[in-house]
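J.:
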Amino acid sequence: MLAAYTGTNVATLSLVTNSAAAVGSNGTRVTFNAVANTSYRFVVDGFNGATGTVALALSLQSDAFMLTQPTQLTNGFRFNILSLPGLVLRVEAGATFGTWTRIAVLTNTTGTYEFTDYTTTSPNKFYRAAVGAGTSSGSTNPPVLSAPLLLPGGGFQFTILGVTERTVRIDAGPNPLVLSPINTLTNITSPVVFTDTNAAGFDQRYYRARLE
146 MLAAYTGTNV ATLSLVTNSA AAVGSNGTRV TFNAVANTSY RFVVDGFNGA TGTVALALSL
206 QSDAFMLTQP TQLTNGFRFN ILSLPGLVLR VEAGATFGTW TRIAVLTNTT GTYEFTDYTT
266 TSPNKFYRAA VGAGTSSGST NPPVLSAPLL LPGGGFQFTI LGVTERTVRI DAGPNPLVLS
326 PINTLTNITS PVVFTDTNAA GFDQRYYRAR LE
């Protein structure tokens, strides 16, 4: 069992979150939104009194973001961008998943940014956001994840499309805003089938692929 608490007195600590290891495993993880200038206490407890050496790793996800609440307007399209406050993002749009053009650069000052595209005229227009200003025009070829498949035994598999002789990093996590690297695929050309053999240890897991 791994747990995170706040407080200064052991007798009055406040639980933030906790997680027990899956059956047959001695490892687990917890994820929470940390607050600046707050001290956190971590507690590890063995099942049925088990003891041993503990290895604890901490990871701060500072560049995660998520697009939510898509809304079709009479004169455009609107969605919200969620991220850590102050993150600089570019918004890109395209008629397919293979061609993207930058349409805006913004600073998500509060952590929630309502973005509206009043230039949309196509019945099929796709949107994505990326960290940084990027280039002013042109197209890119981001990895596309397709054909998701839950395997016997709890593993998870998907196919990576849209990549030619590039290195791709696979990230995973318990929600779209908290993703950490789990694998790096070097100099691959699509289609490539990726299998996460550790997926069985999680009740819920999200994935993304990023060019390196």
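According to my numbering, the sequence shown is numbered sequentially starting from 146. Note that CB positions come from ideal geometry on N, CA and C, so glycine has one too.
#1: Need the endpoints of the beta strand (DSSP E) that N225 sits in, please.
#2: I need the straight-line Cα distance from S282 to V308, nearest angstrom please.
#3: DSSP three-state label for V276, please.
#4: Only counting the same chain, and skipping five residues up and downstream in sequence, which positions put a Cβ closer than 8 Å to that of S325?
#5: Going straight from the alpha carbon of A275 to that of Q217, what length do you get?
#6: Tell me the rounded alpha-carbon separation between Y351 and V188.
#7: Once DSSP output is grouped into helix, strand and coil, what is the label at A209?
#8: Who are the near neighbours of T304 in its chain, counting only those whose CB is closer than 6 Å to its CB and skipping five residues on each side?
#9: Between which two residues does the beta strand (DSSP E) harbouring F339 extend?
#10: Give me the residue from V236, T198 and S164 with the minimum Cα distance to T176.
#11: Closest to A202 by C-alpha separation, out of L229, T173 and T254, would be which residue?
#12: So who's on the other strand from P326, going by DSSP bridges?
#13: Give me the residue from V168, Y272 and T241 with the minimum Cα distance to N225.
#14: Per DSSP, what kind of secondary structure is T368 in: helix, strand or coil?
#15: Using beta-carbon positions only, say whether T340 and T312 come within less than 8 Å of one another.
T.: Reading off the structure:
#1: G221 to S228
#2: Confidence at S282 is low in this model, with a pLDDT of 41, below 50, so the placement of that residue should be treated as unreliable; the coordinate-derived value is given next. Distance between the alpha carbons of S282 and V308 is about 20 Å.
#3: strand
#4: S204, Q206, D316, A317 and G318
#5: About 22 Å.
#6: Roughly 26 Å separates the two Cα atoms.
#7: coil
#8: S291, A292, P336 and V338
#9: V337 to D341
#10: S164
#11: T173
#12: D316
#13: Y272
#14: As displayed, the chain neither begins before 146 nor continues past 357, which places residue 368 out of reach and without an answer.
#15: no
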